[in-house]
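Protein sequence lines correspond, in order, to chains A and B.
Just so you know, the first sequence maps onto residues 1 to 363 in the numbering used here.
Just so you know, the second sequence maps onto residues 1001 to 1363 in the numbering used here.
Cβ coordinates follow ideal geometry from the N, Cα and C atoms, glycine included.
For reference, the structure discussed in these notes is given below.
2 protein chains.
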Amino acid sequence: MSWTISENDISDLARGAAVLGTGGGGDPYIGALLATQALRAHGDVTVVTLDEVPADAVVLTVAMMGAPTVMVEKLPSLDEVTAPVLALGTYLGRPVTHVACAEIGGVNSTIPIAAAAALGLPLLDADGMGRAFPELQMVLPTLYDITASPLAFSDEKGNIGVLQTVDNKWTERIARVACVEMGCSVMISGFPMSGDQAREALVPGSLSRCVEIGKQIMLAREDKADPVQRIVDLLGGRELFAGKVIDVQRATTTGFARGRARIEGPDSTLTLSFQNEHLIAEEDGRILTTTPDLIIVLEHDSGEPITTEALRYGQRIRVIGAPSDERWHTVPALAMVGPGYFGYDLPPHRFDGTIEARPGVAA
Amino acid sequence: MSWTISENDISDLARGAAVLGTGGGGDPYIGALLATQALRAHGDVTVVTLDEVPADAVVLTVAMMGAPTVMVEKLPSLDEVTAPVLALGTYLGRPVTHVACAEIGGVNSTIPIAAAAALGLPLLDADGMGRAFPELQMVLPTLYDITASPLAFSDEKGNIGVLQTVDNKWTERIARVACVEMGCSVMISGFPMSGDQAREALVPGSLSRCVEIGKQIMLAREDKADPVQRIVDLLGGRELFAGKVIDVQRATTTGFARGRARIEGPDSTLTLSFQNEHLIAEEDGRILTTTPDLIIVLEHDSGEPITTEALRYGQRIRVIGAPSDERWHTVPALAMVGPGYFGYDLPPHRFDGTIEARPGVAA
């Protein structure tokens, strides 16, 4: 059933999205600012569930691409947010009917709200990942042979590009170097889909889920309950570690925020490796969880999600693991987003510690 | 008056274009191969002079962009040559009526012939520079406020992009990083112009001039005359130096073939600095000629032009200087293509040694 996003929902939604963003997807505070501004200027946004989308809808994803370390310093204008959607609509020669989130994350769940408000279009209660991943081909639609291109990108200066590539990895490669040249952060719109394709390929109910997670964090705080435990219960995950951040190495290279953080617990040390998003959680050399399952960093007491670019020495945090959409555990999906893709010579480990076969290797 | 390019003209044209290409624009032999193949498959190409172009013509430039060191190893197919023109025609929503050369150079004067043949379009007897320059904004149309964008680029894999940028330098910046990512050599088409704009902004008669230069080199050889002196006379230039190549430093970086060559003469040494094209000729610390005037390297006896990527130890060469289109000596033009732009702290030196004021500095 369709519902309406108004200004009052934004803070819960952005906070919940930052939880599912596994450290990536950009700063939820900045994302909330932008969506709030758009809703004030253009009115509420209608959110439609996947079962309601007409079969012949023209759905485009909208996202910010780049290094979160840069995104936090370059809040886009509404014109910049709508530019790639408008450019792509012109390129397609068909009116765009719906906007969708490519991923769930602090900025990347709220920017599509801003785009939908400014364009007067409905938004899908869905996204392409059910979490955040660093590269643009890393969405479930890629597994359904839905092409990223034509994909449009735009910057704050007014530059626009449209790509039509031979596969989604090439869209990523060309858009990424353009993004770096344009200042390490651009707006993108792509993955043109029919309603039927969106129904099949997207993760249903993502935005509702974000609002619910955000609400429950606030309710737990009001109830003097444990917000972290509330999130663990909601996601069906488990707490992996609790401790204090003692070291963060971070570099913005080739358009990504890459790094490693060490968290000291009472008896052991956890190492988190990230590329925009957390990829590997390792306790004293023992792997606890790897991509594609969710590795989520929360402030110890308040349960406030902490993005990778906001990790700082001295923060007291808790780290939880949670299951990803099950489709990420298929062989082609693990080849695309498993630890091996990111250069780690490891089999995928689920949030509960189960070790999976490496893609292309018999179990 | 319009004329026809047939297979028999190609070798003269390519050789003449390599002379005016000042070391850049790609290998004339490769350019000739591609044009010959296209003319055999699709028939002769009509070349129309600027005064004949209808005022409302839709003219696009066609060129290969990238490092000549890579171009020589990646001869494009005819499909690749026509792809950006077709993509741009679709993007513009208007039929393209004429093709033009962006620059004069071994490959970049023959690729537009191949494109015109394959597309069945007439080619203008004109180009955007009257020589070759390394970056795509460095054309006279930029001085007439003609935008490079929309500009399309394509590679041998089938990837295509269309850029719409805020200025021509941004077209260069984004297309250049895409070009490097796509393998350091792509086909481009852009600078949409009306017939009236083409008439005003392009260099007239370039292709006729290339054919004439190529013919005169062959005639001089047949007459046992001096081909180099013949070229000097044709271009109204002067011989700067004669000697043997004793050192070539060359690196393909950020999408360009950059380097320096030293030529030993009887009493002194000449240093040539290049970025795809020759930029500075300096004899024992004394500047002889700089960009935008033409610095042309020819084989000592045959007058065969030698491109920068073909310079080798031991070659006996002669270097000549020749005047560029006079519009390159205006203040905005010198800011765009003078020695200062390329990082040399020098005033521009004309081919005859005259020193000009630096752009923005009183003489």
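Between the CA atoms of residue j and residue i - distance to the nearest angstrom
i: residue 88(A); j: residue 1152(B); result: 15 angstroms
i: residue 1340(B); j: residue 1103(B); result: 21 angstroms
i: residue 227(A); j: residue 200(A); result: 33 angstroms
i: residue 52(A); j: residue 198(A); result: 11 angstroms
i: residue 1190(B); j: residue 342(A); result: 37 angstroms
i: residue 1202(B); j: residue 1094(B); result: 22 angstroms
i: residue 307(A); j: residue 301(A); result: 16 angstroms
i: residue 305(A); j: residue 132(A); result: 14 angstroms
i: residue 288(A); j: residue 321(A); result: 9 angstroms
i: residue 1106(B); j: residue 347(A); result: 52 angstroms
i: residue 363(A); j: residue 281(A); result: Bear in mind that the predicted position of residue 363(A) carries a pLDDT of just 43, short of 50, making it unreliable; the figure below should be weighed with that in mind. Spanning the two alpha carbons is a distance of roughly 22 angstroms.
i: residue 1331(B); j: residue 157(A); result: 26 angstroms
i: residue 1154(B); j: residue 1170(B); result: 18 angstroms
i: residue 1041(B); j: residue 1002(B); result: 22 angstroms
i: residue 1244(B); j: residue 1336(B); result: 32 angstroms
i: residue 159(A); j: residue 1138(B); result: 19 angstroms
i: residue 39(A); j: residue 97(A); result: 19 angstroms
i: residue 269(A); j: residue 246(A); result: 9 angstroms
i: residue 1334(B); j: residue 1291(B); result: 9 angstroms
i: residue 359(A); j: residue 224(A); result: 44 angstroms
i: residue 77(A); j: residue 33(A); result: 11 angstroms
i: residue 194(A); j: residue 1161(B); result: 23 angstroms
i: residue 1024(B); j: residue 1134(B); result: 8 angstroms
i: residue 1061(B); j: residue 1101(B); result: 5 angstroms
i: residue 109(A); j: residue 12(A); result: 12 angstroms
Contact list for residue i against chain A, beta-carbon separation under 8 angstroms
i: residue 1248(B); result: The premise fails here: residue 1248(B) is roughly 29 angstroms from chain A at the closest Cβ pair, so nothing lies under 8 angstroms.
i: residue 1177(B); result: 177, 178, 180 and 181
Cβ distance (whole Å) where residue i is taken to contact residue j below 8 angstroms
i: residue 1265(B); j: residue 1241(B); result: 6 angstroms
i: residue 85(A); j: residue 99(A); result: 7 angstroms
i: residue 69(A); j: residue 277(A); result: The Cβ separation is near 13 angstroms, so there is no contact.
i: residue 252(A); j: residue 67(A); result: 5 angstroms
i: residue 1071(B); j: residue 1175(B); result: Actually they do not touch by this definition, with Cβ atoms about 15 angstroms apart.
i: residue 319(A); j: residue 1181(B); result: Wrong, their Cβ atoms sit about 35 angstroms apart, outside the cutoff.
i: residue 1125(B); j: residue 1206(B); result: 7 angstroms
Chain-ordered neighbours of residue i on chain A, where CB pairs are closer than 7 angstroms
i: residue 1173(B); result: 181
Endpoints, beta strand (DSSP E) assigned at residue i
i: residue 1328(B); result: Element bounds for residue 1328(B): n/a, residue is neither H nor E.
i: residue 1061(B); result: 1059-1066
i: residue 367(A); result: There is simply no residue 367(A) to check, as chain A begins at 1 and stops at 363 in what is shown.
i: residue 272(A); result: 269-275
i: residue 164(A); result: 160-164
i: residue 264(A); result: 256-264
i: residue 974(B); result: Summary: the structure shown does not reach residue 974(B), with chain B confined to residues 1001 through 1363, and so no result is reported for it.
i: residue 299(A); result: 294-299
i: residue 48(A); result: 45-48
i: residue 1004(B); result: 1003-1005
i: residue 126(A); result: 123-127
i: residue 286(A); result: 286-290
First through last residue of the alpha helix (DSSP H) which encompasses residue i
i: residue 1218(B); result: 1206-1222
i: residue 98(A); result: Premise fails: residue 98(A) lies in the beta strand (DSSP E), 98-101, not in any alpha helix (DSSP H).
i: residue 1040(B); result: 1028-1042
i: residue 117(A); result: 111-119
i: residue 86(A); result: 78-92
i: residue 178(A); result: 168-181
i: residue 140(A); result: 140-143
task: Could you list the residues in the stretch 60-86 of chain A with a C-beta less than 9 angstroms from some C-beta on chain B, going in chain order?
output: Those would be none; no residue qualifies.
- prompt: What are the residues of the stretch 1143-1171 of chain B that lie near chain A, defined by any Cβ-Cβ distance shorter than 7 angstroms?
  reply: Listed in sequence order: 1157, 1158, 1159, 1160, 1161, 1162, 1163, 1164, 1165, 1166 and 1170.
- request: Note down, in chain order, all residues in the stretch 1179-1204 of chain B with a beta-carbon under 8 angstroms from any beta-carbon belonging to chain A.
  value: The stretch 1179-1204 of chain B vs chain A, Cβ under 8 angstroms: 1180, 1181 and 1182.
- request: With 8 angstroms as the C-beta to C-beta threshold (strictly closer), list the residues of the stretch 1207-1221 of chain B near chain A in chain order.
  value: Correct list: empty, as no residue qualifies.
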